[in-house]
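K.L.:
Quick one: the structure is below, and I'll ask about it shortly.
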Amino acid sequence: MKKTLISGILAASMIACLSGCGGNKSSAANNVDDLNSGSKENESSSTSKKDVTLKVWGAQTDQELLKELCEKFALEHPENNWTFDYGVVGEADAQARYLEDPAAAADVFSYPDDQITTLVQADALYEVTRDVEKIKKENTPGSVDAASYNGILYGYPMTADNGYYLYYDKSVLSQDDVKTLDGILEAANKKGKKVHMDVSNGWYLASFFIGNGCTLTLDESGKQVCDFNSEKGLEAAKAVREFCNNKAFVTGDDSVLQGGIGDNICCGISGPWASESIKEKLGDNFGAAKLPTFTCGGKQVQMGSFLGCKILGVNTQTKYPVEAMELARYLTNEESQARRFEVLGYGPSNNNVASSKEVASDPSLKALAEQSKFAISQHINGDFWTPAEAFGAELEAHSKGDLKKMLDKLVEQVAGK
């Protein structure tokens, strides 16, 4: 745990240069009822300052930038004496660490969108009550949805880069080829190359079903809703079977794709984490694009996907809800997201940053942004993954089983019946 104190003396030194931009700041009231009060306090009165200590969690790789942004926030908010306690807790561990001891958890912490259901049901997250419409307008619809539960915003979108798209070898496939799965397979077969997709991974398998309009979500009680055994689901399953039976198809985890692309593999589906290794393999032939359309029910259907986002939340047990929300808002605003992309390469959820020249020049993030238009939030529970893996593995093994019966079994297991 690392602690930094931004003293009143340091903060006071900034008042002169900031006063020209506006004389008053919002009161740092220590009661959540004040969130919408709009009360003001006079900064010039030194007695109005109070000591505010906020614990902030972030991943190990984020610590240096997190400290930089928090200290900048303190300098821009001299109405209080700020102390920040920095804890090294990555997004993947946030839920478990919070549930261990909510009172000892961070006031402000980041978490992946697939944890929001459990956190809200555990009464862990404050509802966002300030600048709600601005936040929704500033960030992509998918990231806003990811930070919401039953239509209520419970967090501040911070990134929108945990998704997947198509990597391809431009010496084998053209931009026209990668528009459709049919075009990809035809070109790959002509040149004796393979097309990679880990169909037995439910994260990727769902792309066919999501694309054809199937439902995979949680209801208000947190129960899994899945209709993959519907007529649309059966159409999607037939398309998956046909793909797996194509002689160009090859499966395996990310290591298979990263090791084979540029050699026997001409394209594959993965996410930003694979970008650098694939760039190294392909060099000038590196290509990235949204997922292709596929033939489904006699028509071309765009493959869907999951959009994973990192979200910043405020602990309901914080002693300083107003100040914690102000900090969370600051850490996820346009300037902070631009800085996060610059330093860490994280894909932004902020619309302005996402459309900037800097982000648009990154082919992987550009492809992810294009695919995100067809993505859904990963609001599902753990009951989905094992049945989906079993279903995908059967198709990879060229099973000739009755697809409707296989889908009925999948849905029954996913729904926990």
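Counting in our numbering, the sequence shown runs from -1 upward without gaps. The beta-carbon is built from N, C-alpha and C at its ideal position, and this holds for glycine as well.
Is Ala382 helix, strand or coil by DSSP?
P.N.:
According to the sequence shown, residue 382 is Phe rather than Ala. Coil.
K.L.:
I'd like to check one pair, Phe372 with Ser303: are the Cβ atoms closer than 8 Å?
P.N.:
Going by C-beta atoms, Ser303 is nearer than 8 Å to Phe372.
K.L.:
Are the CB atoms of Phe207 and Leu214 nearer to each other than 8 Å?
P.N.:
Yes, they are a contact pair.
K.L.:
Could you compute how far the alpha carbon of Asp360 sits from the alpha carbon of Gln369?
P.N.:
Looking at the two C-alpha atoms, the distance is approximately 14 Å.
K.L.:
From Gln376 to Leu401, what does the alpha carbon distance come to, in whole angstroms?
P.N.:
The straight-line gap from Cα to Cα measures roughly 25 Å.
K.L.:
Which of helix, strand or coil does DSSP assign to Phe226?
P.N.:
It is coil, neither helix nor strand.
K.L.:
Are Glu394 and Val197 touching if we call contact CB-CB under 8 Å?
P.N.:
Yes, Cβ-Cβ distance for Glu394 and Val197 is below 8 Å.
K.L.:
Name the DSSP bridge partner or partners of Leu216?
P.N.:
Paired residue(s): Gln222.
K.L.:
Between Arg95, Tyr318, Asn187 and Tyr163, which lies nearest to Phe171 when the distance is taken from Cα to Cα?
P.N.:
The question names Phe, yet the displayed sequence has Leu at residue 171. Closest by alpha carbon: Asn187.
K.L.:
Under 8 Å: do the segment 113 to 132 and the segment 78 to 96 share three or more Cβ pairs, one atom per stretch?
P.N.:
These segments touch.
K.L.:
Could you please give the first and the last residue of the uninterrupted alpha helix (DSSP H) stretch that includes Thr127?
P.N.:
Neither: Thr127 is in no alpha helix (DSSP H) and is coded neither H nor E.
K.L.:
Which residues in the same chain have their Cβ closer than 7 Å to the Cβ of Gly161, if we skip the five residues on either side of it in sequence?
P.N.:
Result list for Gly161: Gly269, Ser303, Phe304, Leu305, Gly306, Leu366, Gln369, Ser370 and Ala373, in chain order.
K.L.:
Need the endpoints of the alpha helix (DSSP H) that Lys402 sits in, please.
P.N.:
Residues Leu401 to Val412.
K.L.:
Only counting the same chain, and skipping five residues up and downstream in sequence, which positions put a Cβ closer than 7 Å to that of Asn348?
P.N.:
So the qualifying residues of the chain are Glu136, Asn137, Glu332 and Gln335.
K.L.:
Could you check whether Asp159 and Tyr344 sit closer than 8 Å to each other, using their CB atoms as the reference points?
P.N.:
Taking 8 Å as the Cβ cut-off, Tyr344 and Asp159 qualify as a contacting pair.
K.L.:
Between the beta-carbon of Val106 and the beta-carbon of Val312, is there less than 8 Å?
P.N.:
Yes. Within cutoff.
K.L.:
In the DSSP assignment, find the unbroken alpha helix (DSSP H) run with Ile114 in it and report its ends.
P.N.:
Residues Ile114 to Gln119.
K.L.:
Here's the rule I'm using: 16 or more other beta-carbon atoms within 10 Å means buried, otherwise exposed. How should Val412 be labelled?
P.N.:
Buried, by the Cβ-count rule.
K.L.:
With C-beta atoms as the reference, is Val248 less than 8 Å away from Ile263?
P.N.:
A contact, by the Cβ cut-off of 8 Å.
K.L.:
Rounded to whole angstroms, what is the Cα-Cα separation between Asp261 and Glu274?
P.N.:
Looking at the two C-alpha atoms, the distance is approximately 17 Å.
K.L.:
Figure out for me which residue from Arg128, Glu89, Pro76 and Ile378 has the closest Cα to the Cα of Trp55.
P.N.:
Looking at the Cα atoms, Glu89 is the closest of the given residues.
K.L.:
What does DSSP give as the partner residue(s) for Pro155 in the beta ladder?
P.N.:
In DSSP, Pro155 forms a bridge with Ile309.
K.L.:
Could you name the residues of the same chain whose beta carbon sits closer than 7 Å to that of Lys297, not counting the 5 residues immediately before and after it, in chain order?
P.N.:
Cβ within range, chain order: n/a, list empty.
K.L.:
Taking the beta strand (DSSP E) that Lys297 belongs to, which residues open and close that run?
P.N.:
Looking at the DSSP string, the run of the beta strand (DSSP E) that includes Lys297 is Lys297 to Gln300.
K.L.:
Residues in the same chain with beta-carbon distance under 7 Å from Gly295, minus the five sequence neighbours each way, listed in chain order, please.
P.N.:
Glu233.
K.L.:
For Gln300, tell me which candidate among Asn379, Ala388 and Val176 has the shortest Cα-Cα distance.
P.N.:
It is Val176.
K.L.:
Just to confirm before moving on: does the CB-CB distance between Lys308 and Met156 stay below 8 Å?
P.N.:
Their beta carbons are under 8 Å apart, which means Lys308 touches Met156 by this criterion.
K.L.:
If you follow the beta strand (DSSP E) that Trp55 is part of, which residue opens it and which one closes it?
P.N.:
Its beta strand (DSSP E) spans residues Asp49 to Gly56.
K.L.:
Go through its chain and collect everything with a Cβ distance to Val130's Cβ below 6 Å, but skip five positions before and after it.
P.N.:
Here the set comprises Leu151.
K.L.:
Using only alpha-carbon positions, find the residue among Lys279, Leu329, Met404 and Asp111 that is nearest to Ser228.
P.N.:
With distances taken between Cα atoms, Ser228 lies closest to Met404.
K.L.:
Go ahead and pull the three-state DSSP assignment for Pro76.
P.N.:
Three-state DSSP puts Pro76 in coil, outside helix and strand.
K.L.:
Rank Pro76, Lys168 and Glu125 by C-alpha distance to the C-alpha of Asn148 and give the top, closest one.
P.N.:
Answer by Cα proximity: Glu125.
K.L.:
Assuming Ile259 and Leu289 make a contact with CB atoms under 8 Å, what is their CB distance in whole Å?
P.N.:
16 Å between Cβ atoms; not a contact.
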